[in-house]
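S.K.: Structure in structure tokens, see below.
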């Protein structure tokens, strides 16, 4: 029964254990080798319990068969005694029942021994080490139990009618083991005390200087008032959300972001948190633990009791309210989130804004190494003869800086190979790759109706930008008069703010030669505005022109 229950529980828990291993691997808590070792251990555990389940069923069947044979022997013996031996029914029953019971006991002894051994082996599964070491360690670890056993066997030996020699011998053996175990435990305790005293007197080891030079790629610092989010009732929710965030960004962006280090910072205000990217502050916010953040998607004032605030990620007006107001806020159509979700959302947007910085040379090389064998021929022809890994890193960083996913790396490599046939300019290569990703980019910018809302650049502005571009190759730059730039900024801001009031989020469409320069200006005052060229709009994409600048 123990084997059956253990096997069932082990098999039921296997998916959860497998998911936990995958989550730790994706979160960067363990490496691939550790994950492989854990999966092998999980497989061995499942095989062990499955085998023991079958062995237990065999033992049970053997016991049942022995009982059936005993019953047949009793009935058959009485029939033979009456029919062939001319015994009376009482004599036959007495004789053959006694013989059969003795034979049955002998046949049941192996089943009893196997059952006992199987029970000991299975119930030992939680202990580390082999069976003999586990038994000796557990028995010798409690000398008081051995001493009590010795005393009880000694008392039994003194009772009248009980054979004294066996119990006296067992009492002596148990007492001797109890004395040896007690001495061993005393010696171990003395050694541990000496080690602890030596460690207390030893000077504190100085932290290696090389370790102090290492930086965290992404770090979340929490004030002391927010520490319960990590080690309290909601702590598991925050860490689980961050693990899910890394998996989500890997699917959206195309590479696994570095692990997020969570650290307390007692210098911060109690309810403040800071998000740092490569040790530099990239965002901060203030939370109210045990409260909910309520936001109105329309941006209107929320008529609920609470504390007015500003949502830290997008700067929207919001309200901190008690848990008791959740139902009313949801009924009125407001967005309601808890503090861990606020932190995770802010962390998501911050990482997306700085994803280009997080793509290192090593991560770029890792992306190339992880491509399947079909792409290795292209990679071998491309790198380093046409472009270096560093050059490819810059191309990918240019794409990520405008939130273009690099998950379709084979298409990107093909585009780089094509562009390297006529240029070595990283900006020109990036623009060619963006054109190859036209289907992906168009799909990402389509709205719920399947249309790409866009605002086009007038021919006058196209000509102004084209005439303001000076230099060749890597030295190409925009040389436009400041007053003219201010006119362009004002026109873009007014146009897009007008469409934002109508609930539209259009892109800005330009010609391919001027797109990088238009984007470099627009990102300074409207970083969320997408700037595309005509080559990046797929031929089958549905477009909706909203206006012109």
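In our numbering, the protein residues as written are 34 to 582. Positions of the beta carbon are idealized from the N, C-alpha and C atoms, including for glycine. All values derive from a computational prediction rather than experimental measurement.
Which class does residue 203 belong to by DSSP, given the choice of helix, strand or coil?
M.R.: Three-state DSSP puts residue 203 in a helix.
S.K.: Pull up the DSSP beta-bridge partners for residue 484, would you.
M.R.: DSSP output for residue 484 lists 575 as bridge partner(s).
S.K.: If you check the beta carbons only, do residue 369 and residue 327 fall under 7 Å apart?
M.R.: Their beta carbons are under 7 Å apart, which means residue 369 touches residue 327 by this criterion.
S.K.: Is the separation between the beta-carbon of residue 542 and that of residue 487 shorter than 7 Å?
M.R.: Cβ distance < 7 Å, so residue 542 and residue 487 count as in contact.
S.K.: Using the Cα positions of residue 553 and residue 500, report the straight-line distance between them to the nearest angstrom.
M.R.: Going by the C-alpha atoms only, they are around 16 Å apart.
S.K.: Taking only three categories from DSSP, how would you classify residue 393?
M.R.: Coil.
S.K.: Whose C-alpha, out of 556, 75, 259, 212, is nearest the C-alpha of residue 323?
M.R.: The option with the nearest alpha carbon to residue 323 is 259.
S.K.: If you follow the beta strand (DSSP E) that residue 313 is part of, which residue opens it and which one closes it?
M.R.: 313 to 319 is the extent of the beta strand (DSSP E) around residue 313.
S.K.: Quick one: Cα of residue 302 to Cα of residue 319, how far?
M.R.: Rounded to whole angstroms, residue 302 to residue 319 spans 9 Å at the Cα level.
S.K.: From the DSSP output, in three-state form, read off residue 350 for me.
M.R.: The answer is strand: DSSP assigns residue 350 an E or B state.
S.K.: Going along the chain, which residues of its own chain have a beta-carbon closer than 7 Å to the beta-carbon of residue 424, five neighbours each way excluded?
M.R.: Correct list, in chain order: 459.
S.K.: Enumerated in chain order, which unbroken segments of the beta strand (DSSP E) with a length of 3 residues or greater are wholly contained in the region 248 to 308?
M.R.: Runs of the beta strand (DSSP E) inside the region 248 to 308: 251 to 255, 293 to 297.
S.K.: So what's residue 456 in DSSP terms, helix, strand or just coil?
M.R.: DSSP places residue 456 in coil when its eight states are reduced to three.
S.K.: Going by other Cβ atoms of all chains shown within 10 Å of its Cβ, with 16 needed for buried, is residue 191 buried or exposed?
M.R.: By the neighbour-count rule (16 or more Cβ atoms within 10 Å), residue 191 is not buried but exposed.
S.K.: When DSSP labels each residue in this structure, what does residue 565 get in the three-state scheme?
M.R.: Strand at residue 565.
S.K.: Could you compute how far the alpha carbon of residue 539 sits from the alpha carbon of residue 566?
M.R.: When rounded, the distance between both Cα atoms is 14 Å.
S.K.: So for residue 109, helix, strand or coil by DSSP?
M.R.: If DSSP states are grouped into helix, strand and coil, residue 109 belongs with the helices.
S.K.: Check whether the region 337 to 356 touches the region 388 to 401, counting contact only when three or more Cβ pairs, one atom from each stretch, lie closer than 8 Å.
M.R.: No, because fewer than three Cβ pairs between the region 337 to 356 and the region 388 to 401 fall closer than 8 Å, the two stretches do not touch.
S.K.: Since residue 304 and residue 321 are thought to touch, with beta carbons under 8 Å apart, how far apart are those beta carbons, to the nearest angstrom?
M.R.: That belief holds up - the Cβ atoms of residue 304 and residue 321 are roughly 6 Å apart, short of 8 Å.
S.K.: Would the region 546 to 561 count as touching the region 445 to 458 if we require 3 or more Cβ pairs under 8 Å?
M.R.: Touching, no, given that fewer than three Cβ pairs across the two stretches are closer than 8 Å.
S.K.: Is there contact between the region 55 to 74 and the region 275 to 282, where contact requires at least three CB pairs shorter than 8 Å?
M.R.: Yes: at least three Cβ pairs fall under 8 Å.
S.K.: In angstroms, rounded to a whole number, what distance separates the CA positions of residue 300 and residue 275?
M.R.: If I take the Cα positions, the gap works out to 24 Å.
S.K.: May I have the straight-line CA-CA distance separating residue 422 from residue 67, to the nearest angstrom?
M.R.: Taking the straight line from one Cα to the other gives about 29 Å.
S.K.: Identify, in the order they occur along the chain, each residue of the same chain with its Cβ nearer than 6 Å to the Cβ of residue 82, setting aside the five sequence neighbours on each side.
M.R.: For residue 82, where only same-chain residues beyond five positions count, the Cβ hits under 6 Å are 39, 40, 43.
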